[in-house]
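Okay, so here's the structure we're looking at.
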Amino acid sequence: MNSLDLFILIPIIAGFTFGLFKGLVKELTSLAAVVLGIYGAKFFSPWLVNVLVKSFDFSVKTAQPTAYFLLFIVIVVGLLFLSRIVDKVFESMSLGGLNKFFGGLFGALKYALILSVLINVFNVVDDKFSIINPTTKSASFAYKPVLELGPALWEEAKSYNTDKSKADEQLVD
-10 MNSLDLFILI PIIAGFTFGL FKGLVKELTS LAAVVLGIYG AKFFSPWLVN VLVKSFDFSV
50 KTAQPTAYFL LFIVIVVGLL FLSRIVDKVF ESMSLGGLNK FFGGLFGALK YALILSVLIN
110 VFNVVDDKFS IINPTTKSAS FAYKPVLELG PALWEEAKSY NTDKSKADEQ LVD
């Protein structure tokens, strides 16, 4: 194990620890809350802009960011509140331990994916300036798997989308 392994493994262990404390339900919900908050705010903000302009004498210029912000906050807070309820249900069903364990795994995977993206971006710079010795990279046991994680998941997501499109075309025919 070299210093590069430590640089990679410490954040992944931290992600596992954070996920362990939060649990899978809260980990997934926090991720979903941000994504759904953005999409929900984008989708429903024109309606709320209309309401703000007509009912509260907002100008369109101030109503647009206000509507987006309010909807984003309401969606995120609503989903986080829902996650607390689901988390309590899991606890009452004695599934809290599984929830925490899988939360740790999800947290570690999330941090590993973030590191994969950062390492892939860093490699573009490193190819030009040789910041990290190639021997250090090849001696590291964590570098290559984490490096390949992001691109592998991206390819899997693209193939899933292609497979789904083909299945949709077959349904139409």
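Taking this note's numbering, I'd label the letters of the sequence shown as residues -10 to 162.
In this text, a Cβ means the ideal position worked out from N, Cα and C, and glycines have one as well.
Quick caveat, the model's predicted, so the values are computed rather than measured.
Length of the line joining the Cα atoms of residue i and residue j
| i | j | result |
| --- | --- | --- |
| Pro140 | Phe90 | 26 Å |
| Phe47 | Ser105 | 44 Å |
| Lys43 | Leu25 | 26 Å |
| Tyr100 | Gln53 | 34 Å |
| Phe32 | Ala21 | 16 Å |
The alpha helix (DSSP H) enclosing residue i, as first and last residue numbers
| i | result |
| --- | --- |
| Gly96 | Gly85 to Phe118 |
| Ala56 | Val49 to Ser81 |
| Ser127 | Pro123 to Ala128 |
| Gly12 | Gly12 -> no alpha helix (DSSP H), and no H or E assigned at all. |
C-beta contact flag for residue i and residue j at 9 Å
| i | j | result |
| --- | --- | --- |
| Ile103 | Tyr132 | no |
| Gly96 | Val14 | no |
| Val38 | Val65 | no |
| Ser221 | Thr6 | Residue 221 falls outside the range modelled here, since the chain spans only -10 to 162, and no answer is possible. |
| Ile27 | Phe61 | yes |
| Ala30 | Ala3 | no |
| Ser129 | Asp(-6) | yes |
| Leu68 | Gly8 | no |
Burial state of residue i, where buried means 16 or more other Cβ atoms lie within 10 Å
| i | result |
| --- | --- |
| Asp116 | exposed |
| Gly12 | buried |
| Glu182 | For the chain, the structure presents residues -10 to 162; residue 182 sits outside this window and is missing. |
| Thr125 | exposed |
| Lys50 | exposed |
| Gly173 | Lying before the first or after the last residue shown, residue 173 is absent from the chain, which here runs from -10 to 162. |
| Val215 | Here the chain has residues from -10 to 162 only, and residue 215 is not among them. |
| Ile(-3) | buried |
| Val135 | buried |
| Ser(-8) | exposed |
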